[in-house]
Every structure is written in structure tokens, then in C-alpha cells.
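I have placed the structure first, in the form of C-alpha cells, so that the comments after it can refer back to it.
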Amino acid sequence: MLLSFIACVILPSIVTALYLWLVAEDQYVSRVGFTVRQEDSASAVDLLGGLTNLSSSSSSDTDILYEFIQSQKLVSDIDAQLDLHTIWTRPEWDPVFALEDDASIEELLSYWEDMVRISYSSGLIEVEVRAFRAEDATLVAQALLDESADVINELSSVAREDAISYARDELEEAVERLKEARETVTLFRNENQLVDPQLDLQSQAGLLGTLQGQEAEQIIELDLLRETSQANDPRVAQGERRLEVIRSRIAAERQKLGFDGGTGPGGQAFADLVGDYERLAVDREFAEQSYVSALAAYDAARADAKRKNRYLAAYMKPTSAETAEYPKRGILLMMTTLFLFLLWATVVLVLYSVKDRR
């Protein structure tokens with residue numbers, strides 16, 4: 020039992036200690052912390068109204084960034100910039116902690132997950148980068164920060180372009196609708212030789228009212244003549260003739276307005292012309308209001324695009340280590356020894372149990 024304990028526990032522990040203190044290279048740590056901030060700047064109208072929007076963190080963007088830091092694309096991009104193979108294969112011989120010289124991208128990604136530790140809490144991301152030289156760890160951390168900032172800027176740019184694109188499409192539709200409405204009104208005016216049927220209607224109504232007033236005056240004057248003159252007075256016949264002319268003119272004007280089935284310009288009842296024009300005018304007014312709203316939305320989208328409403332806020336810049344933190348030699352030796360001891364004890368107990376049963 021003693022020999023097995025020495026062979027299975029003591030000797031491997033000694034070999035582990037020799038490897039950790041004589042072979043394993045020191046690993047330096049660089050830490051960087053950041054979060055995604057979304058700035059909602061209040062417009063002038065909002066400020067006049069007393070509305071204030073403060074900046075806040077965007078959890079969805081932070082989630083995207085958290086996944087991006089663990090992605091193969093980020094590892095490939097940083098490897099192309101800094102040559103991670105050279106950085107993490109720097110020890111001449113360290114089969115446990117160093118990266119293999121001919122490691123594939125999948126192996127590099129797996130090694131990245133061991134050397135780059137990410138903690139995420141309450142919208143804050145903190146990254147711990149390890150390397151065999153302090154300056155290498157700082158370079159990788161800075162490259163990670165720069166790539167993360169580029170991703171957030173790209174997300175913000177895409178969002179701004181989408182907003183501007185949607186606003187531009189709505190503006191173009193509003194412009195086309197306004198053009199069609201104005202062209203329809205112009206065509207209506209040309210076909211009916213009318214600028215504004217409402218003005219013509221008011222003029223015709225005023226003329227009809229004047230004629231009706233003259234008719235009433237002529238009737239009164241004719242009644243007075245019949246009472247004070249003889250039966251063959253020529254003024255009575257002249258008055259009756261004038262009254263007939265006034266009534267004929269009234270009938271003609273009423274027909275022109277469409278009250279008696281008559282027609283106005285273009286062979287259509289004047290009242291129908293006014294109704295058609297009012298409908299076209301309402302359509303034009305609605306198109307103008309839609310155009311004004313779409314133009315305001317487009318201007319607002321362009322104004323928002325000029326502001327960087329999403330940005331990466333680094334609350335801790337990449338640090339530069341002076342002493343090595345890894346590997347944790349004492350902890351690793353204790354864990355290895357404990358694991359070997361438990362394994363040895365389990366095997367010994369099983370063997371003695373089998374022996375007792377025999």
C-alpha cells in the first residue's frame with residue numbers, strides 16, 4: 020500500500036510540481052471592462068416641453084457583444100492582426116499550457132476560450148486576457164476592445180440606415196401622392212375651364228340673389244301701376260315684359276347652377292362640379308399633410324443619423340500587468356494531489372473490498 024501510495028500519489032505530485040515550477044511559463048493578465056451605451060438626445064421640441072431622455076445601457080446590444088467575443092470571426096480577425104499563434108506558442112516547450120504550432124482555427128477558438136475569460140453582469144462586460152508576455156496580453160485586450168467598438172458602430176450604422184431608408188421611402192410615396200393629387204386638380208380645371216368652382220358658385224349665387232331682388236321690385240312696381248293706371252297703359256305691358264325677362268334670366272341661372280336639371284361648363288351640373296372639386300381638394304389637402312409629415316420624419320431621421328446614439332463605453336481600459344498571475348501553481352498542485360489521492364484511495368478500497376469477499 021505504501022509503495023502504491025508513493026507511486027500513484029507522491030511521485031506524480033512531484034512530477035507535477037517540477038513541471039509547474041520548472042517548465043510552465045508565467046502567464047500575465049490584462050483586464051478590460053466595457054458596456055454598450057445608448058444615447059437618446061432630446062430634440063428642441065422635447066426640451067421646450069420639458070422632456071428629458073437620459074442615456075441608458077442597451078442590454079440587447081450587450082448580449083450581442085457577449086456572443087461576438089466568443090465567436091470564431093473575432094478570433095480570426097485578431098489572429099490576422101496580431102498573429103495569435105505566435106503569441107500563444109511563445110514557450111519553447113509547454114505541451115500543457117501553450118498552443119500547438121499547427122493549430123487549426125477550431126483549436127485556436129477552443130484555446131481562446133481558455134485564455135480569454137468573460138464575465139457578464141448587469142449589462143457590464145469584463146474580459147480577462149492571458150498571455151505569456153504582459154505586452155501581448157495588453158495588445159490582445161486592446162484589439163478585442165477595438166473590434167467590439169467596431170461591431171457596435173456597425174450595428175448603430177445599420178439601424179440609422181434602416182431608419183433613413185424607411186423615412187425616405189415614405190417621403191417618396193408622399194411626394195408621388197401629392198403630385199398625382201395636384202395633377203388631378205389641374206386636369207379638372209382644364210377640362211371644366213374653372214379655377215375654383217366654389218368661387219364661381221358664390222358668384223352665380225350672388226347674381227341669382229340680385230335677379231330675385233329685381234324680380235320682387237318689379238312685381239311691386241307692376242302692382243302699383245295696375246292700381247293707379249288705366250287698363251291700356253303701355254307702362255303695364257312694358258313692366259310685364261321686363262318681369263318676364265327677369266324671370267327668364269333667373270331660370271337660366273338656376274339651370275346653370277343645376278337646380279332645375281340644367282348643366283354648367285362641360286355639360287355637368289354645377290353642383291356636381293363643386294362636389295367633385297371638393298373631393299379632389301380634400302385629397303390634395305390630405306396629400307399635402309402626408310408630405311409635410313413624411314418630410315418632418317425624414318429630417319428627424321437624418322438628424323438622428325448625425326448623432327452616434329450607440330457607443331462602446333469602456334469603464335476599464337486594458338491594463339498592463341507587472342507580475343504573473345497564472346498559472347496558479349499552488350492551487351494546481353493541491354488539486355492534482357487531492358485528485359490523485361482520492362483516485363488512489365478509491366482503488367485501494369475497491370481492491371480490499373474484493374479481497375474481503377473472497
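Numbers 20 to 377, taken from my numbering, label the letters of the sequence shown in order.
Heads up, the beta-carbon is just placed ideally off N, CA and C, and yes, glycines get one too.
> Taking just the CA atoms, how far does V293 sit from G280?
Replying inline: Residue confidence for G280 is low, a pLDDT of 45 falling below 50, so the modelled location carries little weight; the figure read from the coordinates is stated next. About 15 Å.
>> Which same chain residues end up closer than 8 Å to V34 when comparing Cβ atoms and leaving out the 5 residues on each side of it in sequence?
In response: none
> Do L230 and I265 have their C-beta atoms within less than 8 Å of each other?
Replying inline: yes
> Rounded to a whole number of angstroms, what is the C-alpha to C-alpha distance between V94 and L39?
Replying inline: 28 Å
> In terms of DSSP beta bridges, what is I144 paired with?
Replying inline: F53 and Y139
> What's the C-alpha gap between D165 and A122?
Replying inline: 25 Å
>> Just to confirm the assignment, what range does the beta strand (DSSP E) spanning R109 have?
In response: First-last for R109: undefined, no H or E at that position.
> So what does R149 bridge to, in DSSP terms?
Replying inline: V48
> What residue from R179, D155 and A333 has the CA that sits closest to A343's CA?
Replying inline: D155
>> Rounding to the nearest angstrom, what Cα-Cα distance links G349 and D113 in this structure?
In response: 18 Å
> Where does S32 fall in DSSP's three states?
Replying inline: helix
>> Give me the DSSP bridge partner(s) of M335.
In response: G52
>> Using DSSP's beta-bridge definition, name the partner residues of Y345.
In response: Q46
> What residue from E195, T205, V48 and L21 has the CA that sits closest to S339's CA?
Replying inline: V48
>> Under DSSP, the alpha helix (DSSP H) around H99 begins and ends at which residues?
In response: It is worth fixing the name first, because residue 99 is Ala in this sequence and not His. Segment Q91 to L101, the alpha helix (DSSP H) holding A99.
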